[in-house]
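First up is the structure itself, then whatever we jot down about it.
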Amino acid sequence: MIKIEKLHKSYPIGKDSLHVLKGLDLHIKEGEFVSIMGSSGSGKSTLLNIVGLLDNHDEGNYYLNGQLIENLDEKKAAILRNKFLGFVFQSFNLITYKNALENVALPLYYQGMARKERQEVALQYLDKVGLKDWANHLPSELSGGQKQRVAIARALATKPKVVLADEPTGALDSTTSESVMELLKEINNEGMTVFVITHEEDIAEQTDRIVRLKDGVIISDERVDKTVKA
Amino acid sequence: MKFLFDKDTWQEIYSSIRKNKMRTGITIVGVMWGIFLLVVLLGAARGVENNFNKLFGNFATNSVFVWAQRTSEPFKGFQEGKSLSLKMTDLEHIKNEIKGLEFVVPRHQTQAMAINNFKSGTFGIFGDYPTLDKVQKKDLVYGRFINDNDIKEKKKVCVIEEEIYKQLFDKEEYPIGTYIKINDINYNVVGMYKQGQVGSGGPQGNIHIPFTTFQQVYNRGNTIGWMMITGKPEFDISQIEADVKLLLRNLHKVHPEDERAFGSFNLGERIAQVTGFLTGMQFLTWFVGIATLIAGVFAIGNILLITVKERTKEIGIRRALGAKPWEIKRQIILESVFLTTIAGALGIIFGGLVLMLIDSTIGQGPEAALTNPTVNIPVILIAAGALIVFGTLIGLIPAQTAVSIRPIEALREE
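These protein sequence lines are chains G and E, in that order. Note that the first sequence covers residues 1 to 230 in full-length UniProt numbering. Note that the second sequence covers residues 1 to 414 in full-length UniProt numbering.
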């Protein structure tokens, strides 16, 4: 599903440039539940942005769903994002003046789906995350956990190939973190590829595979022992 | 262009506008102010223009008055100081020999006491042809002006100015068909008109009787008191004035360079001076109005630019969710167009209301400061159209800014 070969990325800082990713190789197959672990500054967010087509890489190859990503203009990137990727952010990134239902329906709008159909689909996904009764509430009227679940519903609404979650539990307490992770697991069990970025060990341990990043290189890539987890 | 008719497009715009009430309010007020000023300025300018037109409007503007005086130079055996008077035959010569004339209206004028029952007053008495109505429009309240039949049969009829009615008649009395006595002769009142502001014979008002009747009653033989000459619009009235006076000097055997033998008053020249002033004022109005509009448009651009900065994150989210750059741009431009249109409409409405207010307070009656302040609807529509076009163009700048921020940077904003 996601295949990265010798990926390099550096950001210019004044006259110098900061080499963030130093030749990453990573292959994530369809249906995997992967977490990227690393402290801040390890390059994990940069990796997610590149995988999420929010940023472009300098060197190396990136295949998304078998398609080589290169020379992408914003328009193509937008279409690919809409089609293949669902985003879940640490700070939820819901649009504040739209209610839960409208937020979930927004990516469908950009897909060009008719209004009525869009709302049906959105409601269906809100139901899936257990927030059907909150459909007409604004984000400000929801708790953190509820907001994140709306964001997950939004990420799922377009039936993407991969859900990219950037510190999905970073702003949540441990109980709500738990329920959000349960939701992600449930999605993964239905066959969705889920790609989580976190710096919390206990969150990473709930995934099937942990990739550890340090200073722009992968230092370990291991499967989580299911027996331990249970 | 399908998106223009898409309910969703407008839904998006509506929700984003409704959300940002403050910004929406400021933008609308800015543009509204621009178009409001333009409407009021144009209306006020029109009001001033109307005022001038009211002063001169009942006169054909391209006209000159000519009368006879005394010679100032001896010529062909006549000494200087010979008294001259215009003759009916001069009229035919002028009509035949001068190019570019529209009307030549001979008039006689005197003052006399007019009596109706127990009321009386001294007024200007004029002997007139029906054509006077052509060069000095009479705004008739009742009845008619002098007609050809009156002239032919030398009828004892008269047309009075409203002022005369006020002095000689009781309130609510219907003047037509009554008789007023002037110099012991009864004249049947056939018409009454509203007074103009220029060209009144005296402060007390005018009475018009048929020219031929005047000649007979006041024993004027074949002479003319003075004449009003109007030129066709494409001819220069000053040239006509000179030509007529030269012809008259010829006909009356006066020295060709005797400037004082015939007097004249060139109304066209006077009016041209005023018109020049009006043109200058209109130019100023347009200049100020357009400058205000441009300032308004820049205000929209500025506000939208700030808005885009403010909404960076939202735009980033939308793009992460798959909004194409063009979709973002389109929304910002449409927001700008929508806001300018609403603001323009409100500006026109408020401008119109202010003009109505001006009209109802200081816009009516002879003492009005601004008469009927109005604006041309096409002019306003063009102004509003230009505003929308500029609004779109200026909307492009923030829209470009919005899509040039990479979504990742936008999302990083906290």
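We treat Cβ as the ideally placed atom computed from N, Cα and C, and that holds for glycine.
Looking at the C-beta of residue i, does it have a partner C-beta in chain E at a distance below 9 Å?
i, result
"G38(G)", "no"
"E167(G)", "no"
"Q111(G)", "yes"
"I79(G)", "yes"
"R149(G)", "no"
"K214(G)", "no"
"S10(G)", "no"
"T193(G)", "no"
"R223(G)", "no"
"E102(G)", "yes"
"K229(G)", "Only weak support exists for where K229(G) lies, its pLDDT of 46 falling under 50; the coordinates are left without a value."
As a quick exercise: from the options, pick the residue whose alpha carbon is nearest that of residue i.
i, options, result
"Y109(G)", "K324(E), E162(E), E259(E)", "K324(E)"
"G191(G)", "A165(G), E74(G), K29(G)", "K29(G)"
"M181(G)", "S35(G), I4(G), I2(G)", "S35(G)"
"T193(G)", "H19(G), K116(G), E32(G), F87(G)", "E32(G)"
"M88(E)", "N149(E), N50(E), Y129(E)", "Y129(E)"
"L131(G)", "E59(G), N71(G), A100(G)", "A100(G)"
"V20(G)", "I152(G), S140(G), V129(G), L48(G)", "L48(G)"
"I26(E)", "T361(E), T340(E), V389(E), Q109(E)", "T340(E)"
"S174(G)", "L54(G), G23(G), I79(G), G144(G)", "G144(G)"
"A114(E)", "G385(E), R260(E), V159(E), L346(E)", "V159(E)"
"F145(E)", "I358(E), A299(E), I294(E), P210(E)", "P210(E)"
"E161(E)", "P373(E), K137(E), K152(E)", "K137(E)"
"N189(G)", "V163(G), T169(G), E201(G), I210(G)", "V163(G)"
"T392(E)", "V254(E), E335(E), N188(E), G47(E)", "E335(E)"
"T167(G)", "I197(G), I187(G), L138(G)", "Sequence check: residue 167(G) is Glu here, not Thr. The shortest Cα separation from E167(G) among I197(G), I187(G), L138(G) belongs to I197(G)."
"L68(G)", "E186(G), R149(G), G170(G), E5(G)", "E5(G)"
Could you please give the first and the last residue of the uninterrupted alpha helix (DSSP H) stretch that includes residue i?
i, result
"K166(E)", "162-168"
"Q146(G)", "144-157"
"H93(E)", "88-97"
"Y125(G)", "115-128"
"K22(G)", "Where K22(G) is concerned, there is no enclosing alpha helix (DSSP H), although the beta strand (DSSP E) it sits in stretches over 16-28."
Would residue i count as contacting chain G if we go by Cβ distances under 9 Å?
i, result
"G296(E)", "no"
"W10(E)", "no"
"R23(E)", "no"
"W326(E)", "yes"
"P378(E)", "no"
"G347(E)", "no"
"G316(E)", "yes"
"R46(E)", "no"
So, for residue i: in the same chain, excluding its five sequence neighbours on each side, which residues have a beta-carbon less than 7 Å away from its beta-carbon?
i, result
"S200(E)", "Confidence at S200(E) is low in this model, with a pLDDT of 46, below 50, so its placement is unreliable and the value that follows should be read with caution. Once the five neighbours on either side are set aside, the close Cβ partners of S200(E) are N206."
"R23(E)", "I303, T307"
"S39(G)", "H199"
"I342(E)", "I28"
"V104(E)", "L91, I94, K95, M227, I229"
"G289(E)", "L37, L38, L41, L42"
"T212(E)", "I151, K154"
To which residues of the same chain is residue i closer than 6 Å at the C-beta, ignoring the five residues directly before and after it?
i, result
"G202(E)", "Residue placement at G202(E) is flagged as unreliable, the pLDDT there being 49, under the threshold of 50; a coordinate-derived value is accordingly withheld."
"Y165(E)", "P175, M192"
"F52(E)", "V274"
So the beta strand (DSSP E) residue i belongs to, where does it begin and stop?
i, result
"W226(E)", "226-231"
"M192(E)", "185-194"
"K119(E)", "119-128"
"S39(G)", "That residue, S39(G), is in no beta strand (DSSP E); it is neither H nor E in DSSP."
"V162(G)", "162-166"
"G60(G)", "59-64"
"G391(E)", "No beta strand (DSSP E) holds G391(E); the alpha helix (DSSP H) holding it covers 377-404."
"T193(G)", "193-198"
"N266(E)", "262-266"
"M181(G)", "No beta strand (DSSP E) contains M181(G), which is instead part of the alpha helix (DSSP H) from 174-189."
Which residues in chain G sit within 8 Å of residue i, going by Cβ to Cβ distance?
i, result
"L411(E)", "L54, F89, N93"
"E335(E)", "Within 8 Å Cβ-Cβ: nothing; E335(E) doesn't reach chain G, min ~14 Å."
"G322(E)", "A78, I79, R81, N82, K83, P107, Y110, Q111, T158"
"R330(E)", "Those do not exist, as R330(E) stays about 12 Å from chain G at its closest Cβ, beyond 8 Å."
"V403(E)", "E74"
"I408(E)", "N49, L54, D55"
Chain G partners of residue i, CB-CB under 9 Å?
i, result
"E310(E)", "Within 9 Å Cβ-Cβ: nothing; E310(E) doesn't reach chain G, min ~12 Å."
For chain A, find out if any of its Cβ atoms is closer than 9 Å to the Cβ of residue i; answer yes or no.
i, result
"S360(E)", "Of the protein chains in the structure, G and E, none is chain A."
Could you pull out every residue in the same chain whose Cβ sits closer than 8 Å to the Cβ of residue i, ignoring the five residues on either side in sequence?
i, result
"S120(E)", "M113, A114, L168"
Who are the neighbours of residue i on chain G, taking C-beta pairs under 7 Å?
i, result
"R319(E)", "A78"
"residue 417(E)", "Not covered by the structure: residue 417(E). The range shown for chain E is 1 to 414."
Please list, in chain order, the chain E residues whose beta carbon lies closer than 7 Å to that of residue i.
i, result
"R209(G)", "Chain E residues near R209(G): none, gap ~25 Å exceeds 7 Å."
Can residue i be considered in contact with the ligand SAH, in the sense that its beta carbon sits closer than 8 Å to one or more heavy atoms?
i, result
"I17(E)", "Of ligands this structure carries none, so the ligand SAH is not represented either."
Quick one: which chain E residues come within Cβ less than 8 Å of residue i?
i, result
"K98(G)", "S15"
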